[in-house]
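Data block below; observations after.
In this note's numbering, the protein residues as written are 19 to 249.
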């Protein structure tokens with residue numbers, strides 16, 4: 019089996035670390051999958067890093083600490099370049115992405131059927147049960163311009179598995195949160211992609227990182243991708 023690392027970017031997620039790792043290590047044991055977990059922390063000011071360190075004796079858990087907030091995309095890229103796994107799986111720390119879906123996402127890549135598997139909210143079987151209609155509408159509208167660069171249903175998903183070299187060789191920097199879109203736009207048809215349904219849950223603990231700055235970074239990313247496409 020190819021070596022696998024689960025990369026989890028964090029910023030002030032102390033209340034979610036223990037619950038997330040309990041579920042991750044339970045999945046690892048029940049599925050018989052030999053993956054390790056790397057947290058990439060962007061200068062958290064709470065006890066996130068301490069919570070992660072407490073787990074290092076309980077399983078294959080590591081911490082990569084950044085001195086400044088490099089953003090979600092920057093953290094994921096730093097993590098991908100810090101490991102030598104053949105495959106990485108990227109997920110959020112806020113429990114919105116179900117750890118129990120990890121075996122399904124890794125399966126097609128480990129079987130060499132594809133290069134990237136996305137945990138999708140927008141294919142049959144996917145759902146966002148906690149969202150009001152206004153958030154569902156805004157998410158769909160935000161997705162529309164991203165579809166110009168790829169043919170997947172959920173290009174803004176943050177829960178995906180991919181062969182690591184696609185991430186580590188991604189040129190330049192990626193602003194904001196949308197590292198998945200950057201991959202889809204950069205590699206295009208050279209990336210064999212599959213989408214599998216997930217149920218996306220809102221966080222119960224901690225504060226969302228979505229704000230006007232993140233929205234602006236997404237617009238910057240779209241503009242940069244449009245310019246690159248025109249060249």
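Where is the CB? At the ideal position from N, CA and C, for every residue including glycine.
What do you get for residue 189, buried or exposed, if any count of 16 or more other CB atoms within 10 angstroms of its CB means buried?
-> Taking a 10 Å sphere around the C-beta of residue 189, we find fewer than 16 other C-beta atoms and assign the residue as exposed.
If you count every other CB in all the chains shown that lies within 10 Å of the CB of residue 69, and 16 or more means buried, which is it?
-> buried
Specify the secondary structure class of residue 184 as computed by DSSP and reduced to three states.
-> helix
Since residue 199 contacts residue 239 with CB under 8 Å, what's their CB separation in whole angstroms?
-> 7 Å
Strand pairing of residue 251, partner residues [DSSP] | The chain is shown from 19 up to 249; residue 251 falls before or after that span and cannot be answered.
Output the distance between the C-alpha atoms of residue 209 and residue 174, rounded to the nearest integer angstrom.
-> 16 Å
Name the one or two DSSP bridge partners that residue 136 has.
-> The partner list for residue 136 (beta bridge, DSSP) reads 178, 213.
By a C-beta neighbour count over all protein chains shown, 10 Å radius and 16 as the cutoff for buried, is residue 151 buried or exposed?
-> exposed
Return the Cβ separation of residue 216 and residue 156 in integer angstroms, given the expectation that the two are a contact with Cβ distance under 8 Å.
-> Beta-carbon to beta-carbon, residue 216 and residue 156 are separated by about 19 Å, too far to satisfy the 8 Å threshold.
Can you give me the start and stop residues for the beta strand (DSSP E) that residue 84 sits inside?
-> Looking at the DSSP string, the run of the beta strand (DSSP E) that includes residue 84 is 79 to 84.
Note down the Cα distance separating residue 247 from residue 144, rounded to an integer number of angstroms.
-> 30 Å
Between residue 71 and residue 81, what straight-line distance do the alpha-carbon atoms span, to the nearest angstrom?
-> 7 Å
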